[in-house]
Structure formats: structure tokens, C-alpha cells
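Q: According to this note's numbering, the sequence shown is numbered sequentially starting from 4.
Even for Gly, the Cβ is constructed at its ideal location relative to N, Cα and C.
Fair warning: this is a prediction, and the values are worked out from it, not measured in the lab.
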Amino acid sequence: MGILIFLAIIAVLVFWAIGAYNRLVDLRNRFKNAFAQIDVQLKRRYDLIPNLVETARAYMKHERETLEAVIRARNSAVTANAAAAADPGNATAIASLAAAEGLLGGALGKLFALAEAYPDLKANQNMMQLTEELTGTENKIAFARQAFNDAVMTFNTAAQQFPSNLIASIFSFKPAELLDATEAPEERKPVKVQF
Numbered sequence: 004m005g006i007l008i009f010l011a012i013i014a015v016l017v018f019w020a021i022g023a024y025n026r027l028v029d030l031r032n033r034f035k036n037a038f039a040q041i042d043v044q045l046k047r048r049y050d051l052i053p054n055l056v057e058t059a060r061a062y063m064k065h066e067r068e069t070l071e072a073v074i075r076a077r078n079s080a081v082t083a084n085a086a087a088a089a090d091p092g093n094a095t096a097i098a099s100l101a102a103a104e105g106l107l108g109g110a111l112g113k114l115f116a117l118a119e120a121y122p123d124l125k126a127n128q129n130m131m132q133l134t135e136e137l138t139g140t141e142n143k144i145a146f147a148r149q150a151f152n153d154a155v156m157t158f159n160t161a162a163q164q165f166p167s168n169l170i171a172s173i174f175s176f177k178p179a180e181l182l183d184a185t186e187a188p189e190e191r192k193p194v195k196v197q198f
């Protein structure tokens with residue numbers, strides 16, 4: 004009788020461990036899938052940017068430095084995205100992507116601010132279409148980022164709660180990094196209003 008109780012306890016523990024392990028695997032796969040959705044939108048954005056810069060180049064001949072900064076920031080973001088897509092669980096890769104995306108956002112913001120000074124550029128049909136597509140893509144990126152961060156939070160919570168944290172530590176489930184929306188340093192400065 005005592006052996007049966009002991010075996011029953013062992014069986015319950017084994018089934019619990021298998022369930023906890025499988026739940027962690029499921030949650031890890033969910034945040035990786037959520038990152039794949041971000042990856043799709045980021046690639047679309049990266050494909051739109053060269054067309055946007057090329058359209059602007061014809062009108063903004065004196066703004067070569069800004070246009071080149073956008074392309075450099077885009078290329079940096081593409082590289083960071085490739086590293087993050089290869090391993091969405093790598094905290095360093097996700098942090099690098101967030102930083103690169105912040106720089107790209109700042110460069111694009113500067114480009115759009117300068118475009119305001121060129122009425123012919125603002126009225127250009129191609130520029131308007133690209134701007135609209137980029138805006139739509141930015142919204143999709145924001146939604147995908149939120150879904151990714153929700154999936155990461157669920158995974159991290161499960162991996163940190165007792166007793167599933169025991170399984171997480173035994174099988175080396177590392178915490179995942181949130182993908183924060185970072186801003187370029189100039190965007191963080193307070194706006195000065197003078198009357």
C-alpha cells in the first residue's frame with residue numbers, strides 16, 4: 004500500500020513536470036511567433052524606406068545628409084532585425100533592435116519634418132502614397148509589438164512563478180526581453196513653447 008502511494012506521488016510529480024515543461028515550450032513558441040509578426044511588418048517598412056528616400060531625393064537636393072542618415076539607420080535596423088529574428092529570446096538582440104528602431108524613427112521624423120519645407124514634395128502623389136503606406140505599417144508594427152510584449156510577459160511570468168520556475172531553471176528557459184518602443188534622444192527632450 005505504501006509503495007502504491009509513493010508511486011502515485013511520483014506519477015503525479017512526473018505528469019506535473021511534463022505539463023509545466025510543455026506549457027513553457029508553448030509560451031516560448033507563442034512569443035517567437037509574435038516576433039515573427041513584427042518581423043513581417045518591419046521588413047515591409049524597410050522595403051518602403053528606400054522608395055521614400057528616392058522620391059524625396061529629387062526634391063531635397065540640399066538635404067543629402069538627412070537622406071543618407073535615414074538609409075544608414077534603415078540598414079542598421081535591418082541588421083538588428085535579422086539578429087533578433089534569428090533568436091527572439093536573445094535579450095541583447097531585442098535590445099539592439101529596439102535601439103536601432105529608435106534611431107530609424109528619429110531619422111524618419113527628421114526627414115518628414117524637412118519635407119514640410121518642400122511643398123512640391125508634399126504634393127507629390129508617390130510621396131503621399133508612400134507616407135500613407137508607411138503610416139499604416141507603423142500602426143501594424145505597434146500592434147505586433149504589443150502582442151509580442153504580451154506574449155513575453157506571459158512567458159516570463161510562467162517561468163518565474165513557483166513551482167514552474169523549477170522546471171524553467173532545470174531546462175534553462177531564459178527570460179525574454181520586451182521590445183520597447185524607443186525614441187531618438189531628440190524626441191525625449193521637452194518641447195519649448197514660447198509666446
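Quick check: what's the CA-CA separation for L106 versus A150?
A: 22 Å
Q: Roughly how many whole angstroms lie between the Cα atoms of K192 and S99?
A: In this prediction, K192 scores a pLDDT of 48, lower than 50, which makes its location untrustworthy; the coordinate-derived value is nonetheless stated afterwards. Straight-line Cα distance between these residues: approximately 22 Å.
Q: Thinking C-alpha only, which one of A145, D183, P166 and I21 is nearest V43?
A: A145
Q: State buried or exposed for R31, treating a residue as buried only when at least 16 other CB atoms are found within 10 Å of its CB.
A: buried
Q: Among N142, Q132, Y62 and R75, whose alpha-carbon lies nearest the alpha-carbon of G109?
A: R75
Q: Take the Cβ of I1 as the centre, count every other Cβ of all protein chains shown within 10 Å, and call the residue buried at 16 or more, exposed below.
A: Residue 1 lies beyond the stretch modelled for the chain, which goes from 4 to 198, so this question has no answer here.
Q: Does the separation of the CB atoms of L162 and R33 fall below 7 Å?
A: Checking the sequence shown, residue 162 turns out to be Ala, not Leu. Contact flag unset, no.
Q: Given a cut-off of 7 Å on the beta-carbon distance, is the pair L27 and I97 in contact?
A: No; because the gap between Cβ atoms is not below 7 Å, this pair is not in contact.
Q: Consult DSSP for Q1 and reduce its assignment to one of helix, strand or coil.
A: The chain is shown only over 4 to 198; residue 1 falls outside these bounds and no answer can be derived.
Q: May I ask which residues mark the beginning and end of the alpha helix (DSSP H) holding P91?
A: Where P91 is concerned, there is no enclosing alpha helix (DSSP H), because DSSP gives it neither an H nor an E.
Q: M156 and L117 look like a contact to me (Cβ under 8 Å); what is the Cβ gap, rounded to whole Å?
A: Not confirmed; about 38 Å, so no contact.
Q: Please state whether the Cβ-Cβ distance between A147 and Q40 is less than 7 Å.
A: Yes; because the gap between Cβ atoms is below 7 Å, this pair is in contact.
Q: Among A101, A80, I52 and K177, whose alpha-carbon lies nearest the alpha-carbon of N129?
A: I52
Q: Where does P178 sit, in a helix, a strand or coil, going by DSSP?
A: coil
Q: Could you tell me the distance, in whole angstroms, from the CA atom of M4 to the CA atom of N36?
A: 48 Å
Q: Please classify T82: is it buried, with 16 or more other beta-carbons within 10 angstroms of its beta-carbon, or exposed?
A: T82 comes out exposed.
Q: Only counting the same chain, and skipping five residues up and downstream in sequence, which positions put a Cβ closer than 7 Å to that of R77?
A: Exclusion of the five residues before and after R77 leaves Y49, I52 and L107 as the residues of its chain whose Cβ lies within less than 7 Å of its Cβ.
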